[in-house]
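**Q** Heads up, the sequence shown is in my numbering, so the first residue is 324 and it goes up one at a time. I have a structure I would like to understand better, so I am pasting it below and will then ask my questions one at a time.
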Amino acid sequence: MLGRLYAIIFISTIIFSLWYQKKYLELSANELNSQLNFENNILPTSTIKNFNTNSYQDGKLKYSFSGDKITYYTDNHFEAEGHLTYQAYDENKKATITIKTQKAFGQIANEGDPSNSSQFPLGAHSKIQSAVLPDDVLFDFEGNQGQAEHVFIDMEKEMIHSSKNFISEGPQGKIRGKGFYYSIKNEEFKIKSHVDGNFKVNHLNKSHNE
324 MLGRLYAIIF ISTIIFSLWY QKKYLELSAN ELNSQLNFEN NILPTSTIKN FNTNSYQDGK
384 LKYSFSGDKI TYYTDNHFEA EGHLTYQAYD ENKKATITIK TQKAFGQIAN EGDPSNSSQF
444 PLGAHSKIQS AVLPDDVLFD FEGNQGQAEH VFIDMEKEMI HSSKNFISEG PQGKIRGKGF
504 YYSIKNEEFK IKSHVDGNFK VNHLNKSHNE
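Here is the structure:
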């Protein structure tokens with residue numbers, strides 16, 4: 324009788340030990356998964372309202388970007404919204420390009436030298452590497468004013484382009500097309516395809532139709 328009682332106690336102890344070990348392993352696994360998920364999550368680092376950032380090159384104002392709100396994330400991307408304005412400037416600080424839209428997202432390039440970087444809040448020495456403007460965009464390329472859709476800005480290549488429909492009116496006349504390139508450095512406006520409009524030949528020296 325006593326031996327049977329010992330056997331029951333022994334078996335119960337083993338069952339309890341196995342159950343406890345299982346629960347411990349489950350808790351450990353959950354903690355590990357939570358930690359991994361936290362490390363893999365893309366989290367916001369800061370949100371700035373009524374922001375205005377400037378980018379300099381060789382001590383001269385090169386670009387500016389402003390709007391209602393911008394949020395920076397841990398993977399070095401940003402999201403901005405509300406009355407967004409992007410401008411590029413010549414050596415005399417005159418705005419040669421103006422782009423306006425309501426929403427943008429893109430990538431931030433970290434710079435080691437604060438003198439050649441955008442002056443972001445919180446002391447971050449960064450500048451925009453690329454940006455996507457998914458909504459309707461109003462643009463002014465040195466007097467050529469128009470509207471486009473889904474515009475991409477590549478700051479490294481100094482290129483602005485879109486593969487969607489656009490309309491433009493300026494020194495070159497009224498133009499409609501599907502897709503364009505604009506070289507900030509060379510001040511060239513290139514139309515991709517499906518061109519329609521009234522052209523002024525004497526103003527086409529800086530424009531090309533591909």
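Where a beta carbon is used, it is the ideal one built from N, C-alpha and C, also for glycine.
Check whether the Cβ atoms of residue 430 and residue 399 lie closer than 9 Å to each other.
**A** It is a contact, given that the beta carbons lie within the stated cut-off.
**Q** What do you reckon, are the CB atoms on residue 422 and residue 462 nearer than 9 Å?
**A** Contact flag set, yes.
**Q** Beta-carbon separation of residue 411 and residue 386 under 9 Å?
**A** Going by C-beta atoms, residue 411 is nearer than 9 Å to residue 386.
**Q** Roughly how many angstroms separate the alpha carbons of residue 437 and residue 496, rounded to a whole number?
**A** Any reading at residue 437 must be qualified, since the residue scores a pLDDT of 41, below 50, and its modelled position is unreliable; no value is offered.
**Q** Residue 488 bridges to which residues according to DSSP?
**A** Note: residue 488 sits in a beta bridge opposite 501.
**Q** Taking all protein chains shown into account, do 16 or more other C-beta atoms lie within 10 angstroms of the C-beta of residue 368, making it buried, or fewer, making it exposed?
**A** Label assigned to residue 368: exposed.
**Q** Between residue 457 and the rest of its own chain, which residues show a CB-CB distance below 7 Å, the 5 nearest in sequence each way excluded?
**A** Closer than 7 Å at the Cβ level, and outside the excluded window around residue 457, lie 426, 473.
**Q** Residue 507 by DSSP, collapsed to three states: which one?
**A** In the structure shown, residue 507 sits in coil (DSSP, three-state: anything other than H, G, I, E or B).
**Q** Measure from the alpha carbon of residue 488 to the alpha carbon of each residue in 482, 459, 506, then state which is nearest.
**A** For the residues 482, 459, 506, the minimum Cα distance to residue 488 belongs to 459.
**Q** Could you check how far apart the C-beta atoms of residue 486 and residue 515 are, in whole angstroms? I think they sit under 8 Å.
**A** Contact holds; Cβ gap of about 7 Å.
**Q** Within the present structure, is the beta-carbon of residue 466 separated from the nearest heavy atom of the ligand NAD by less than 8 Å?
**A** The ligand NAD is not part of this structure, which contains no ligands at all.
**Q** Would residue 420 and residue 507 qualify as a contact pair, given that the criterion is a beta-carbon distance under 9 Å?
**A** For residue 420 and residue 507, yes; Cβs fall inside 9 Å.
**Q** Which one of 392, 388, 376 has the shortest CA to CA distance from residue 370?
**A** Measuring from the Cα of residue 370, the nearest candidate turns out to be 392.
**Q** Do residue 388 and residue 375 come within 9 Å of each other at the CB atom, strictly closer than that value?
**A** Closer than 9 Å, so yes.
**Q** Following the continuous beta strand (DSSP E) through residue 494, name the residue where it begins and the one where it ends.
**A** Premise fails: residue 494 is in no beta strand (DSSP E) and is neither H nor E.
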